[in-house]
Structure formats: structure tokens, C-alpha cells
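Report on the structure given below.
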């Protein structure tokens with residue numbers, strides 16, 4: 146049983162970010178990390194391996210050459226091997242193109258479970274896991290607070306409006322998990338050393354049987370404008386007053402905006 | 132290619148979700164700009180009775196299926212319903228809405244935009260405005276020339292305000308779709324934990340509590356204030372992780388993304404992960420005893436004080452004014 150965790154390298158949450166004149170995210174200079182929500186997917190996969198439900202944990206990423214750092218970092222947390230799909234035609238890839246490429250790479254790797262984080266820090270569409278499942282025509286188990294693999298099926302626990310459901314689908318599946326699977330482990334020094342010897346392959350688009358034409362040059366959407374958010378007015382502060390006066394002032398503020 | 136604007140209309144327990152009403156109005160507005168029709172794709176329990184969404188702007192409703200299974204089970208029908216093209220498919224930016232949106236992107240190779248905070252038709256094309264990179268930029272995007280149609284647009288709650296006044300929508304069934312491995316997941320167990328939480332995405336007033344609330348009991352005074360304001364209680368991840376409130380109430384990157392008219396944060400520091408879930412709220416009020424809390428930098432009104440003193444007084448004050 147093999148599980149492939151798809152990870153994305155993103156600028157650190159706190160890094161200063163900007164767009165290039167071509168309206169692409171400028172990744173130079175900003176500290177790059179594993180998308181924080183993907184670390185939960187890694188944690189879930191490693192837990193399944195520790196419990197014996199899964200034999201092999203592999204990683205897959207699509208991105209620039211630099212993304213090998215993220216894959217090495219993942220391998221330092223645990224797992225067995227990694228693959229990077231990198232190609233000049235993928236610069237500026239949108240969700241559809243990303244899903245198409247990951248789907249082709251996952252088909253080539255072959256795995257009972259393809260696992261992803263619930264969203265990426267820098268885009269937040271959360272569409273890639275579902276689109277990968279749809280392209281491969283495999284069952285989607287999304288937003289799992291926990292994932293199990295048993296026999297010929299996978300299950301997730303997923304929040305509903307009042308509690309939670311257990312959803313089940315036959316393997317192979319594409320799944321995504323939330324931050325409720327448990328805090329991701331840190332890489333140990335031993336893990337970091339071991340990661341250097343783990344296999345890491347680099348594939349081009351041609352290696353997964355795709356051409357730049359087939360992915361429409363990487364995007365079927367384009368950005369036409371980037372601007373800073375509207376300036377908000379300055380924050381009004383109420384301080385150094387008693388609770389009664391503070392409450393009255395807040396009520397005045399709400400009333401002035403017709404909120405009460 | 133038609134200029135129709137589709138929207139996903141989720142039903143449960145016989146009623147349309149608030150998102151279905153918002154998107155019916157949104158689709159009607161865009162369809163008026165594009166010269167097409169507003170066409171709802173209804174799914175879930177009660178979707179057979181969806182003609183009523185005409186009141187919110189829908190011209191036509193297509194029933195994808197009336198079961199109460201996972202949303203992915205309606206993906207094949209949705210793909211066949213929009214397969215002949217159109218301008219856009221509006222999908223709510225909820226887990227179910229995103230699953231169906233993703234299915235359309237994957238199955239039909241459609242462009243996807245959003246989650247958006249505004250969308251319009253300009254020169255016959257779609258323009259979608261989104262807040263990206265943790266709110267540090269606003270971007271406007273469009274499908275490329277020659278991209279497959281329609282374009283899938285994820286829409287945040289409260290982007291459109293439902294407007295009543297239309298008539299009755301014509302109702303049809305989606306074309307038969309073959310069994311679909313993508314939608315093979317089934318619900319094998321269902322667990323209710325306490326009473327149904329108010330759907331935060333539908334609330335126009337939210338009183339949210341964080342680490343500073345300190346306990347499950349502490350949320351009692353927040354609930355009283357929310358009741359007085361006709362709103363709902365939300366939380367930060369810290370409060371949900373601590374078990375003080377169920378995860379259904381969590382606002383933020385991995386919880387709900389909300390856009391109420393009033394967000395009132397109590398004992399919430401305003402970490403970026405929480406901020407991305409509420410930063411498009413129209414009015415942000417924060418109560419925190421730490422004068423340097425990050426939420427003080429982006430709130431419209433910041434009360435430096437003890438929430439346990441201020442919140443009950445505020446509830447009383449609002450009650451008094453309403454009674455006056």
C-alpha cells in the first residue's frame with residue numbers, strides 16, 4: 146500500500162510578498178516553506194505508515210527547481226521517496242493545469258491514496274484535490290479531520306453541520322485533510338541526515354506524457370490587475386475608561402452605523 | 132455559446148441554503164449584464180421544490196438529485212448540465228461547493244476564479260476580484276481567450292445580498308448521468324454532537340471568542356450578546372482546539388470564511404490564520420485587554436479592556452436602547 150502526499154512550496158506566511166510586472170507571485174527573496182496545511186497531510190501519511198496501514202510514503206510536488214528543498218524537508222519528517230515535476234511551461238500554472246499535471250504524475254507513480262492538504266496558503270481555492278480526483282476519475286474524500294485505510298477502502302471523518310460523518314470510498318482514492326489530523330512533527334537531526342540519501346527524482350512534462358499545448362501553456366485564467374487593498378480608515382480606540390463607559394461608546398458606534 | 136449564468140443551489144432538510152438565495156440573486160445580476168438566463172443547479176433534500184428560488188432571481192432550476200448523500204454524488208449531473216457552455220458557474224466557497232466546483236474544473240477542463248469578493252461582466256467577459264496572499268493584495272482575474280466555458284467562480288458568503296421580487300422558476304431535471312467513480316463516497320456513519328450550530332457563513336452579525344475567553348462557560352456571555360444582536364457565535368482555532376466550542380464555529384484559514392456586516396472579536400489576538408477568515412467583514416470591532424494585540428491594527432473599533440467586564444455591559448446597554 147502506497148500513499149503519495151502532494152506538497153506545494155509557498156512563501157512563508159509572514160514573508161513580505163509582491164507580484165512581478167507579469168502579475169505572477171514573486172518567489173525570489175521570500176523565505177519558502179512547505180505549505181503549512183500540507184504538513185498536516187504529511188503527518189497523517191506518516192501516522193498511517195507507523196500504524197502499518199501503509200507501507201510506502203512518497204511525496205510529489207510541482208514547481209521550480211527550488212521546490213526540491215520542500216521535498217527534502219518532507220523527507221526529513223519521514224517517508225521514503227520524492228518526485229518533483231518541473232518544466233518551464235509550468236510557470237504561472239493555474240488550478241486546472243496544476244491538477245492536470247499532478248494527475249498525470251500520480252498516474253505514473255501509482256498509489257492507493259493520493260493525499261493533499263485542504264488548501265494552499267497562497268491561493269486558497271482548495272480546488273486542486275477535487276480536480277485531480279475528477280481528472281483521474283477516482284473517488285474524492287475531502288476535508289478529512291482524520292483518514293483511515295482499511296482493506297480495500299479509505300475512510301475520512303468530516304465535519305457536518307451538527308457533528309461529523311464518516312465517509313467511505315473504495316481504493317484508489319484522492320483525499321484531502323484538515324489541520325485536525327494532529328500537529329505535524331518536527332524533522333529530527335537524524336531525519337535531516339537520512340533525507341539526504343532518500344531517492345528524489347525530477348520529471349519534465351514530457352516524462353509524464355504531457356505537452357505544453359495540452360495544458361494550454363499552463364493556464365486558462367489570467368490576472369489582469371493587482372492592487373493593494375482599499376485603505377481602511379484608522380482604528381478608533383477606546384481605552385482607559387470603565388466598562389460602563391466603554392459599553393456606551395461601543396453602542397454609540399454601532400448605532401451610528403445602524404448596526405443596532 | 133450561451134450567456135447563461137449557472138449557480139449551485141444546495142438544499143438540506145427541504146430548504147435552500149442561504150448561499151442558494153445569494154447566488155440566485157448574484158446570477159440574476161450577472162445574467163442581466165450578459166444577456167443570458169440565471170440557471171440554478173439544485174441538489175440535496177428538497178431540491179425538487181426549488182421553483183421558489185425564482186423569487187430570488189432564478190429563471191430556471193435544473194434538479195441534479197434529491198438525495199442527502201455527499202455533494203460529490205451530484206458532480207456527474209452538474210457536469211452534464213453545464214456541458215453545453217455558458218458564461219459562468221457560481222459556486223459557494225464552502226466544502227461542498229468547492230468539491231462540486233473542483234469536479235467541474237477537472238471533468239470539463241474549465242477555468243476557475245476566486246474565492247471572489249466581487250464579480251462583474253465587462254465587455255461580455257467575466258472579471259473576478261479576489262483578496263489574495265493573506266489579504267495583502269486585491270487581484271482581478273479573467274478566463275483566457277478561447278478558454279473552455281463556462282468559468283467556475285467560487286463566491287464567498289455575503290458577496291451578494293439576496294433580493295426578493297422575481298417570479299417562479301421553471302424546473303427541469305438534469306440529463307441522466309452514468310455512475311461516476313468520482314462521486315462514489317458514501318456516508319457510512321453520522322454523528323450529531325449537540326444542537327445544530329447556526330451556520331456562521333449565513334450570519335450577518337458574528338460575536339467571536341478566542342483564547343482570552345478562557346473556558347466553555349466564558350462563551351455564555353458572548354452568546355447573550357450575539358442573541359441581543361440577532362447574530363451567531365464564532366471562535367478562533369485556539370478556542371475550538373481547547374474544546375470550548377465545536378469546530379463548526381471556527382473562523383479562519385481552516386474554518387469558515389465569513390463576511391458579516393458586523394464582526395465583534397472578544398479575546399482574539401488576530402493572528403493571520405484567523406484574519407484571513409474574517410477580514411472582509413464590513414465592520415470589525417475588537418475587545419482585548421492587550422493594547423498591542425494585532426487585531427488592534429486592522430479593527431475599525433478597538434476596545435482595550437477586559438471582555439468579561441465590557442461584554443455583559445454592552446449586552447445590557449443594547450437591550451436598554453432597544454427597549455427605549
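Residue numbers (this note's numbering), protein chains in the order written: chain A, 146 to 405; chain B, 132 to 455.
Glycine included, each C-beta is placed from N, C-alpha and C at the ideal position.
- Burial check for residue 163(B): the Cβ neighbour count within 10 Å stays below 16, so the residue is exposed.
- The three-state reading of DSSP puts residue 213(B) in helix, counting H, G and I together.
- In the structure shown, residue 231(A) adopts coil according to DSSP, grouped into three states.
- Per DSSP, the beta bridge partners of residue 261(A) are 321(A).
- Measuring C-alpha to C-alpha distances from residue 294(B) to each of 156(B), 183(B), 194(B), 140(B) identifies 156(B) as the nearest.
- Boundaries cannot be given for residue 399(B), as no beta strand (DSSP E) includes it and DSSP labels it neither H nor E.
- By the Cβ-count criterion, residue 358(A) is exposed, with fewer than 16 other Cβ atoms from all chains shown falling within 10 Å of its own Cβ.
- If you look at residue 443(B), you'll find it in the alpha helix (DSSP H) that goes 438-454.
- The beta carbons of residue 136(B) and residue 218(B) sit closer together than 7 Å.
- When Cβ pairs closer than 8 Å are counted between the two stretches, the stretch 276-287 of chain A is seen to touch the stretch 310-330 of chain A, the count reaching three or more.
- Under DSSP, residue 153(A) forms no beta bridge with any residue.
- At a Cβ-Cβ threshold of 7 Å, residue 205(B) and residue 221(B) do not count as neighbours.
- Residue 394(B) has a beta carbon lying at 7 Å or more from every beta carbon in chain A.
- Residue environment for residue 303(B): exposed (fewer than 16 other C-beta atoms within 10 angstroms of its C-beta).
- In this structure, the straight-line span from the alpha carbon of residue 202(A) to that of residue 223(A) is close to 8 Å.
- The CB of residue 225(B) never comes closer than 8 Å to any CB in chain A; the least such distance is about 10 Å.
- For residue 351(B), the uninterrupted alpha helix (DSSP H) segment begins and ends at 350-360.
- By the Cβ neighbour-count rule, residue 211(A) is exposed, with fewer than 16 other Cβ atoms within 10 Å of its own.
- Look at residue 178(B): its C-beta is not under 7 Å from any C-beta on chain A.
- For residue 368(A), the beta-bridge partners assigned by DSSP are 272(B).
- Residue 276(A) has its alpha-carbon roughly 6 Å from the corresponding atom of residue 236(B).
- Here the alpha carbons of residue 199(B) and residue 307(B) stand approximately 18 Å from one another.
- In the DSSP assignment, residue 281(A) falls within the alpha helix (DSSP H) that extends over 273-281.
- For residue 147(A), no CB of chain B lies under 7 Å from its own CB, so it is not counted at the interface with that chain.
- Interface with chain A (7 Å Cβ-Cβ cutoff): residue 405(B) is excluded.
- Between residue 158(A) and residue 385(A), the alpha-carbon positions lie close to 34 Å from each other.
- With fewer than 16 other beta carbons inside 10 angstroms of its own, residue 374(A) counts as exposed.
- Across the set 208(A), 264(A), 263(A), the C-alpha of 208(A) shows the shortest separation from the C-alpha of residue 247(A).
- Listed in chain order, the non-local C-beta contacts of residue 405(A) below 8 Å within the same chain comprise 396, 399, local neighbours out to five positions each way being set aside.
- Residue nearest to residue 152(A) within the set 251(A), 196(A), 301(A), 261(A) is 261(A) (criterion: CA-CA distance).
- Chain-order list of chain B residues neighbouring residue 368(A): 270, 271, 272, by C-beta distance under 8 Å.
- Assigned with DSSP and collapsed to three states, residue 331(A) falls in coil, not helix or strand.
- Not flagged as an interface residue toward chain A: residue 338(B), since no C-beta distance is shorter than 7 Å.
- Under the DSSP assignment, residue 228(B) falls in the alpha helix (DSSP H) whose first and last residues are 226-239.
- When rounded, the separation of the alpha-carbon atoms in residue 367(A) and residue 389(B) is 26 Å.
- Neighbours of residue 230(B) in chain A, taken as residues whose beta carbon is under 8 Å from its own, are 275, 285, 287 in chain order.
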